[in-house]
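In this note's numbering, each residue's number is its place in the sequence shown (first place is 1) plus 150.
The next block holds one structure in the form of structure tokens; read it before the comments.
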Amino acid sequence: MNLDRAWKVGLGAIWMAGMTMAQPAAPAAAGEKLLVDGDPIPKTWEAPEYPKALREAKTQGTATAWFVVDENGAVQNLRLHEATDAGFGPPLLDAIKKAAFEPAVSAGKPLSMDVSLTWSFHLPYKSPHLPDLKPLPKTPAVAEVTPSPTYPEQLNVRRLDGEVLTEIVVGTDGSVREAKVLNASTSDFVRPALEAVKHWKFRPARQGDLAIEERKIAPLTFEYQAGVDEMNTSPLEANGLVLQLPEGATEKSLCDSPPAIVVWVDPVFPPELLKSGEPAEAEVAFTVNAQGVPENVSVRSASQPDAGLALRAAVDASLFRPAMLQGKTVEVTLVRKHRFQAPPSSAEGNETDEQRLLRAMRAGETVASGKGLDARIRPVWRTMPILPAALKEAKVTGNAEVEFVIDRTGRARVPRVLSATQPEFGWAAATAVSQWVFDPPTRGGQPVDVRIRVPMEFKPE
Numbered sequence: 151m152n153l154d155r156a157w158k159v160g161l162g163a164i165w166m167a168g169m170t171m172a173q174p175a176a177p178a179a180a181g182e183k184l185l186v187d188g189d190p191i192p193k194t195w196e197a198p199e200y201p202k203a204l205r206e207a208k209t210q211g212t213a214t215a216w217f218v219v220d221e222n223g224a225v226q227n228l229r230l231h232e233a234t235d236a237g238f239g240p241p242l243l244d245a246i247k248k249a250a251f252e253p254a255v256s257a258g259k260p261l262s263m264d265v266s267l268t269w270s271f272h273l274p275y276k277s278p279h280l281p282d283l284k285p286l287p288k289t290p291a292v293a294e295v296t297p298s299p300t301y302p303e304q305l306n307v308r309r310l311d312g313e314v315l316t317e318i319v320v321g322t323d324g325s326v327r328e329a330k331v332l333n334a335s336t337s338d339f340v341r342p343a344l345e346a347v348k349h350w351k352f353r354p355a356r357q358g359d360l361a362i363e364e365r366k367i368a369p370l371t372f373e374y375q376a377g378v379d380e381m382n383t384s385p386l387e388a389n390g391l392v393l394q395l396p397e398g399a400t401e402k403s404l405c406d407s408p409p410a411i412v413v414w415v416d417p418v419f420p421p422e423l424l425k426s427g428e429p430a431e432a433e434v435a436f437t438v439n440a441q442g443v444p445e446n447v448s449v450r451s452a453s454q455p456d457a458g459l460a461l462r463a464a465v466d467a468s469l470f471r472p473a474m475l476q477g478k479t480v481e482v483t484l485v486r487k488h489r490f491q492a493p494p495s496s497a498e499g500n501e502t503d504e505q506r507l508l509r510a511m512r513a514g515e516t517v518a519s520g521k522g523l524d525a526r527i528r529p530v531w532r533t534m535p536i537l538p539a540a541l542k543e544a545k546v547t548g549n550a551e552v553e554f555v556i557d558r559t560g561r562a563r564v565p566r567v568l569s570a571t572q573p574e575f576g577w578a579a580a581t582a583v584s585q586w587v588f589d590p591p592t593r594g595g596q597p598v599d600v601r602i603r604v605p606m607e608f609k610p611e
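Structure, rendered in structure tokens:
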């Protein structure tokens, strides 16, 4: 998502089920040792004994040892790397065994580190100084098995390509120990991306001979593969988008290649439409500028006002690769159409979780709050609201409160604006929430739907 378009948005701390939030580190208690980041250092050191035979022969030289100083300061995996004379090795190794070390510290926590220590044996032999420990070089983790993510079946009709950008932690055994979503072109790609990285395998990173954890940025791409018998429908057409041509113009006169979808957001289903059960249609026109950002977004028509506002908010939150003409980016106008259809009163076929929850709302059913869940709700992916350009330029402040359901798979569904200082704030907030992904909530070990409220405060930068 283009974060330059986002306002500063404060998420209120009234999650019904609670959220896992990062907390600042507690200050060190009186008398507690304060750890300062750095490499291992010797606490005590006795110089290696100069070998008698080499001293008498006036043989001089150096010896280098490699060893691990673990998180407790203990010496592990001590080995002689090289020596100009074999006789210099044993006294250096003996000195290291007798020494005491402070471990390396990173982010306030002690950690193991593989280091090199070179000692000089020169006459006259006076070595009262402490040795200098040098960290051995690191080698990055190397991917060995990286299965591609599974393309979501429900997106086949949409023909969307996309990407999920993740930050992963490769453990010392080469498995992916953690994965965090940094960006996603559409929320439907988030869960399959995280499922794919679970099965990735690496040759672990090393610092010297020591296997270490490593953080890596890992993009996962999703490409729609059209069947040979499918109609040649473009992704723009499959998602209700058409290029608006001025009178007398052709597509080729406007651009050599039309805009391509980069970030795609579906409009929020207006709750008012559930009461009547009647469908609604909306049409929004907008300019895709030379950077791929929608501008001049306007509702051309809407059979119900909220349908137009919902579609406009979805367009504001989308992003494109700009159109090209003769090797340069150009502005073009697109029109997006959408039909809002309430689900039938009874389930038909393989309905989606969105349809299931909309049908429940239409029937007046309620979803329980997050009380009694097995664990606190943890967000996996959240995007920020994108406001219409007019509100951003006017630097208007405001707020909104949105209620939504985290379904059994962890997707945020059926957001509903409870209050908003302006309708645009409410629809921007609801549209952002509709893209959020969480760890699936459970109660008693069983997946459940959970009702959540979140307030948002909008402040211009």
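Note that CB positions come from ideal geometry on N, CA and C, so glycine has one too.
Taking the C-beta atoms as reference points, threonine 234 is found no nearer than 8 Å to threonine 268.
The beta carbons of threonine 479 and threonine 437 sit no closer together than 8 Å. Contact between the segment 351-360 and the segment 242-258 is absent: fewer than 3 CB-CB pairs across the two stretches fall below 8 Å. Ranking Thr336, Asp338, Val347 and Tyr275 by CA distance to the CA of lysine 330 puts Val347 first. The alpha helix (DSSP H) runs of length 4 or more contained entirely in the segment 412-445 are, from start to end of the chain, 422-426. In this structure the segment 447-461 does not lie against the segment 357-366, because fewer than three pairs of beta carbons, one per stretch, are closer than 8 Å. Pairing alanine 497 with arginine 509 gives a Cβ-Cβ distance under 8 Å.
For methionine 263, the secondary structure class from DSSP, reduced to helix, strand or coil, is strand. DSSP places glutamate 364 within a strand segment (E or B) once states are collapsed to three. In this structure proline 287 is exposed. Its beta-carbon is surrounded by fewer than 16 other beta-carbon atoms within 10 angstroms. Beta-bridge annotation (DSSP): glutamate 515 is not paired with any residue.
Contact annotation: glutamate 428 and arginine 489 have beta-carbon atoms that are not nearer than 8 Å.
Its chain contains Met166, Ala167, Val517, Ala518, Ser519, Gly520, Leu523, Ile527, Val555, Ile556 and Pro591 as the residues whose beta carbon lies nearer than 8 Å to that of valine 600, once the 5 sequence neighbours on both sides are disregarded; these appear in chain order.
Taking one beta carbon from each stretch, the segment 288-299 and the segment 237-247 have fewer than 3 pairs nearer than 8 Å; the two do not touch. Around the beta carbon of valine 307, a 10 Å sphere encloses fewer than 16 other beta carbons of the protein chains shown; the residue is thus reported as exposed.
Counting along the chain, the unbroken beta strand (DSSP E) around arginine 229 starts and ends at 225-233. For secondary structure counted as the alpha helix (DSSP H) over 4 or more consecutive residues, the segment 298-373 holds these complete runs in sequence order: 340-347.
The Cβ-Cβ distance between alanine 435 and serine 448 falls below 8 Å.
The beta carbon of asparagine 333 is closer than 6 Å to those of Leu315 in its chain, skipping five residues each way along the sequence. Taking C-beta separations shorter than 8 Å and ignoring five residues to either side along the sequence, the partners of proline 385 in its chain run Arg308, Arg309, Leu310, Asp311, Tyr374, Ala410 and Ile411, following chain order.
Pairing valine 418 with threonine 581 gives a Cβ-Cβ distance under 8 Å. At least 8 Å separates the beta-carbon of proline 192 from that of proline 253. Annotation for glycine 548: the continuous beta strand (DSSP E) segment containing it runs 548-556. Contact annotation: alanine 460 and tryptophan 577 have beta-carbon atoms nearer than 8 Å.
If you check the CB distance, glutamate 313 and valine 319 do not come in under 8 Å. Fully contained in the segment 439-479 are the following beta strand (DSSP E) runs of length 3 or more, in chain order: 444-452, 469-471 and 473-475. Under the three-state reduction of DSSP, arginine 603 is assigned to strand. C-alpha of valine 567 to C-alpha of leucine 404: approximately 40 Å in a straight line. Under DSSP, isoleucine 191 shares a beta bridge with Glu252. Taking the Cα positions, histidine 272 is about 30 Å away from glutamine 357. Non-local beta-carbon contacts of aspartate 323 in its own chain, meaning distances under 6 Å to residues more than five positions away in sequence, are absent. Residue nearest to glutamate 607 within the set Gly548, Arg462, Lys487 and Arg205 is Gly548 (criterion: CA-CA distance). The three-state secondary structure of arginine 526, taken from DSSP, is coil. For alanine 388, the CB contacts under 7 Å within the same chain, skipping 5 residues up- and downstream, are Val307, Arg308 and Arg309 in chain order. Around the CB of threonine 383, fewer than 16 other CB atoms lie within 10 Å, so the residue is classed as exposed. When the alpha-carbon of alanine 291 is set against those of Ala355, Lys284 and Val326, the nearest one is in Ala355.
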